[in-house]
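Notes follow the structure.
2 protein chains.
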Amino acid sequence: MRATILRPGGDVRVESVPDARVEQPRDAVVRVCHAAVCGSDLWRYRDRTPAGPIRPGHEFVGVVEALGPDATGLRVGQVVLAPFAWSDGACEHCLAGLPTSCPAGAVFGDNADGAQAEAVRVRYADANLVPLPMDRDDSRLPAVLTLADVMSTGHHAATCARVAPGATVAVIGDGAVGLCAAAAARRLGAAHVVVLSHHHARGELARRLGADTVVHERGPAAAERVRELTGGRGADAVLECVGTAGSWADALATVRDGGAIGYVGLPHGVALDPAAFFDRNLTLSGGIAPARRYIPHLLPELLSGSLDPSGVFDHRVGLADVADAYRAMHTRTAVKALITP
Amino acid sequence: MRATILRPGGDVRVESVPDARVEQPRDAVVRVCHAAVCGSDLWRYRDRTPAGPIRPGHEFVGVVEALGPDATGLRVGQVVLAPFAWSDGACEHCLAGLPTSCPAGAVFGDNADGAQAEAVRVRYADANLVPLPMDRDDSRLPAVLTLADVMSTGHHAATCARVAPGATVAVIGDGAVGLCAAAAARRLGAAHVVVLSHHHARGELARRLGADTVVHERGPAAAERVRELTGGRGADAVLECVGTAGSWADALATVRDGGAIGYVGLPHGVALDPAAFFDRNLTLSGGIAPARRYIPHLLPELLSGSLDPSGVFDHRVGLADVADAYRAMHTRTAVKALITP
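In structure tokens, the structure reads:
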């Protein structure tokens, strides 16, 4: 089969690899209908010295093609969604709703089984794959695909930051996660959602997905603008969707005293001094999103269309052109690329 | 009147200072019945280069001696308790229950009006002083005094860390705040309270106040012991009551994935890398305790005796001997000193 290979130096190619196959009793093989490129893939794309070639891709919807004998509750031909990380569904963490801490788990594509491919092997398929009541041509598939990662991650930011009806919310970041975080805050009843975006062209999309206001200033000027917009207080909840030292500085400058930062941007080079916010009684809550927990909760709204983040996909390519997708996202020409093998 | 003066180099003396007096319409003067030395005073005591002489002390119960015309709801002769920081009771933060963020507020003794003295000026007295239904000789006064800071701060750690019935809780620190945090966790229904203490003699006191288990190991061995005690998981809630790089390392090593750290130790030299706990979905919540909010909530239990943290006062001195109190706490001979002018 064909699959994407990412090598040191941003070298992305589609190559022939051994077919995905059932290797363990709980495995499934899923033929990919749609996959995506994630902002976190770009960290590796830009990295000049990754450990070696990887098989990227952790977002996909597809059709079950083969099942191991213990992959129960599924049938061949079913359209399914997977969370970006698999887990065994049986450990204490899985049972507690934190599948991302499952010792048997991993992110698709981190070591193997990347989804930017024609097919993907899914471990513990019975615990991870969520059957979808639709066929492979359903126009809602891209919207549903956002639950694999970016919409679940945006929802995680908003719930960790305790967004509640009437809250003022600032979203740091205008990538797909930031845009989905705005949608999540809106969905949870926020009274005012402000998105910090350095990218003028994304304002319209942010507004369509849930932002009331888009702030284009950078650094202290952005925080000052958020304070103006929130009666001098700062935001009740800040959703940190980038993970850099600068975005954390924006988050800390933007949140009100006693407020909460929901952090979901993969941190790179951030150092926090709690003395700097001790007097302000801040809460920091977040991390890698337990998407498998959120999918059943959010799926009905994606199916009904009351929640539709599919607008984050503003670039569509065939598998053969996946390198274009990386380039477009790297240069910020595209928010997020949808791959249709 | 006589008051404590703290000068650079740990020089503590009691000297004559101008009498405390009503200077603003909302002021009161309170004659001190009991004051205390706080762990945070020791940071300044040990500091070789503080800004200059200060008048320390932010914990006191006393008797109202004089009132300004706008210090309503109080009467001369009343026994009262103050929180460690005053606030104006009228700003947005005060009304939202976060008086420590009041722009007009400050900690007693930080710049003026220290309570390790015969009397203290209280600003915005109507908003800060809590009348107590007792006379000045009541034996419950030391217990009630803990609400000024250490018991309220321990409660803040426990509530920020979301301690709930059945929780496993690890307390980092065996100072007065740590001991009160153990009492707070017990009060909130924790199933198992573990206190990390490097000080063998404090084990009995910790147990009396609420600890089920006292762990004397240090560093990784302490965290390993907490994991053993919590079925391999780590604690649901960790109460960080010290504020050093080492205590934060213990907190991070001790908390379970998905758990919360309630941080109330004044941070000194701590740098947190969220990448180190991103995959573990940790929540950090805390800061300077809004004691004025907690006092009315907890006071009935102190009055009834169902909550009694007075055991933290294991050293009692007259005002003239306040230097002894600092020395005893600095050398960890005493947990906390009670001063009776």
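Here the protein sequences come in this chain order: A and B. Note that UniProt numbering has the first sequence beginning at 1, numbered continuously upward. Note that UniProt numbering has the second sequence beginning at 1, numbered continuously upward. Note that beta-carbon positions come from the ideal geometry of N, C-alpha and C, so glycine has one too. For clarity, every value in this text was computed on a predicted model and none was experimentally measured.
Buried or exposed by the 16-neighbour rule on C-beta atoms within 10 Å, applied to residue i
{"i": "W43(B)", "result": "exposed"}
{"i": "T72(A)", "result": "exposed"}
{"i": "P267(A)", "result": "buried"}
{"i": "T331(B)", "result": "exposed"}
{"i": "E59(B)", "result": "buried"}
{"i": "V12(A)", "result": "buried"}
{"i": "A76(A)", "result": "Note that residue 76(A) is Val in the sequence shown, not Ala. Flag for V76(A) reads exposed."}
{"i": "T333(B)", "result": "exposed"}
{"i": "S16(A)", "result": "exposed"}
{"i": "E240(B)", "result": "buried"}
{"i": "T100(A)", "result": "buried"}
{"i": "G318(B)", "result": "exposed"}
{"i": "S310(B)", "result": "buried"}
{"i": "Q24(B)", "result": "exposed"}
{"i": "H297(A)", "result": "exposed"}
{"i": "residue 354(B)", "result": "Nothing in the structure corresponds to residue 354(B), since chain B is present only between 1 and 341."}
{"i": "R154(B)", "result": "With the sequence shown as reference, residue 154(B) is identified as Gly, and Arg is not the correct amino acid for it. With 16 or more Cβ atoms within 10 Å of its Cβ, G154(B) is classed as buried."}
{"i": "D47(A)", "result": "exposed"}
{"i": "S247(A)", "result": "buried"}
Whether residue i touches residue j by CB criterion (8 Å)
{"i": "A117(B)", "j": "V32(B)", "result": "yes"}
{"i": "L98(A)", "j": "P56(A)", "result": "no"}
{"i": "A36(A)", "j": "V120(A)", "result": "no"}
{"i": "H199(B)", "j": "D212(B)", "result": "no"}
{"i": "D174(B)", "j": "V195(B)", "result": "yes"}
{"i": "V270(B)", "j": "T254(B)", "result": "no"}
{"i": "G219(A)", "j": "D250(A)", "result": "yes"}
{"i": "V163(B)", "j": "A143(B)", "result": "no"}
{"i": "L272(A)", "j": "P274(B)", "result": "yes"}
{"i": "A291(B)", "j": "H315(B)", "result": "no"}
{"i": "Y114(A)", "j": "A183(A)", "result": "Contrary to the premise, residue 114(A) reads as Gly rather than Tyr in this sequence. No, the Cβ-Cβ distance between G114(A) and A183(A) is not below 8 Å."}
{"i": "R136(B)", "j": "D70(B)", "result": "no"}
{"i": "G259(A)", "j": "V238(A)", "result": "yes"}
{"i": "G320(B)", "j": "V14(B)", "result": "Looking at the sequence itself, residue 320(B) is Ala, so the reference to Gly does not match. Cβ distance < 8 Å, so A320(B) and V14(B) count as in contact."}
{"i": "V242(A)", "j": "G265(A)", "result": "yes"}
Contact belief for residue i with residue j at Cβ below 8 Å, rounded distance in angstroms
{"i": "I261(A)", "j": "L282(A)", "result": "7 Å"}
{"i": "A167(B)", "j": "A190(B)", "result": "5 Å"}
{"i": "V64(B)", "j": "A28(B)", "result": "6 Å"}
{"i": "V335(A)", "j": "A176(A)", "result": "6 Å"}
{"i": "A235(A)", "j": "R202(A)", "result": "With 8 Å as the limit, A235(A) and R202(A) do not qualify as a contact, their Cβ atoms being about 19 Å apart."}
{"i": "L74(B)", "j": "L81(B)", "result": "At roughly 12 Å, the Cβ-Cβ gap does not stay under 8 Å, so L74(B) and L81(B) are not in contact."}
{"i": "S87(A)", "j": "Y124(A)", "result": "7 Å"}
{"i": "G146(B)", "j": "V312(B)", "result": "First, the amino acid is wrong: residue 146(B) is Thr here, not Gly. Yes, T146(B) and V312(B) are in contact; Cβ-Cβ is about 6 Å, under 8 Å."}
{"i": "residue 342(B)", "j": "L188(B)", "result": "The shown model of chain B, from 1 to 341, leaves out residue 342(B), and the question about it has no answer."}
{"i": "V214(B)", "j": "S197(B)", "result": "5 Å"}
Chain A contact residues for residue i, given Cβ-Cβ distances below 8 Å
{"i": "E92(B)", "result": "R233"}
{"i": "L98(B)", "result": "D257, G258, N281"}
Listed by chain order, chain B residues near residue i by CB distance under 7 Å
{"i": "I288(A)", "result": "F278, D279, N281"}
DSSP three-state assignment for residue i, whether helix, strand or coil
{"i": "T244(B)", "result": "strand"}
{"i": "Y124(A)", "result": "coil"}
{"i": "S285(B)", "result": "strand"}
{"i": "H93(A)", "result": "helix"}
{"i": "T72(A)", "result": "coil"}
{"i": "T146(B)", "result": "helix"}
{"i": "H199(A)", "result": "coil"}
{"i": "P165(A)", "result": "coil"}
{"i": "G265(B)", "result": "coil"}
{"i": "V270(A)", "result": "coil"}
{"i": "E224(A)", "result": "helix"}
{"i": "H330(B)", "result": "helix"}
{"i": "V64(B)", "result": "strand"}
{"i": "G77(A)", "result": "coil"}
Chain B residues whose Cβ lies nearer than 9 Å to that of residue i
{"i": "S285(A)", "result": "A260, N281, L282, T283, L284, S285"}
Chain-ordered neighbours of residue i on chain B, where CB pairs are closer than 8 Å
{"i": "Y124(A)", "result": "What Y124(A) touches in chain B: nothing, since even the nearest Cβ is about 18 Å away."}
{"i": "S101(A)", "result": "D257, G258, D279, R280, N281"}
Proximal residues of chain A, C-beta to C-beta of residue i below 7 Å
{"i": "P274(B)", "result": "Y263, P267, V270, L272"}
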